[in-house]
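Novice: Questions regarding the structure given below will be posed in turn.
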Amino acid sequence: MDNAGVWLLLMEDLKKRGVYAEYEKELECMFYDWGFGMSISMMLRKGYLLTVGEITLLKEMLLRLFHDVLKNPYVVEKEDEWDIILKRILEQKTELTQDDMKGFHHELIGALQ
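In case it helps, my numbering puts the sequence shown at residues 22 to 134.
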């Protein structure tokens with residue numbers, strides 16, 4: 022979870038420096054990849070079982086900053102198995118359940134291999 026927090030701080034710093042607006046789409050995709058996706062990947066690679074609360078928190082962090090991330094042209098282009106699963110997590114309108122998490126966990130582990 023520290024990884025996502027660092028990405029949040031980076032986005033805030035880039036806004037303060039006036040760099041953010043010029044590269045918003047690129048930064049949005051980077052946060053999707055490295056703030057959201059990599060945070061999930063790092064926990065899974067360490068054998069950590071993700072909870073509904075953790076995935077929900079990561080999802081909310083991303084969508085709070087970038088509510089249209091799924092319309093980002095760089096994100097739209099991503100079509101590998103990993104990204105398809107991440108997009109499904111982000112697209113889910115209902116609150117995630119523990120059963121949802123078990124399914125996503127299994128799929129995400131498979132996509133990492």
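Virtual Cβ for every residue (Gly too), placed ideally from N, Cα, C.
Given that a residue counts as buried once 16 or more other Cβ atoms are within 10 Å of its Cβ, and exposed if not, what is Leu27?
Specialist: As written in the sequence, residue 27 is Val, which differs from the Leu given in the question. Label assigned to Val27: exposed.
Novice: Can you have a look at Tyr53 and say buried or exposed, based on whether 16 or more other CB atoms are within 10 angstroms of its CB?
Specialist: Label assigned to Tyr53: buried.
Novice: If we count Cβ pairs, one from each stretch, closer than 8 Å, do we get three or more for the region 121-132 versus the region 99-113?
Specialist: Yes, they touch.
Novice: Should Asn93 and Lys36 be called a contact, given that it needs their Cβ atoms to be closer than 7 Å?
Specialist: No, these two residues do not count as a Cβ contact at 7 Å.
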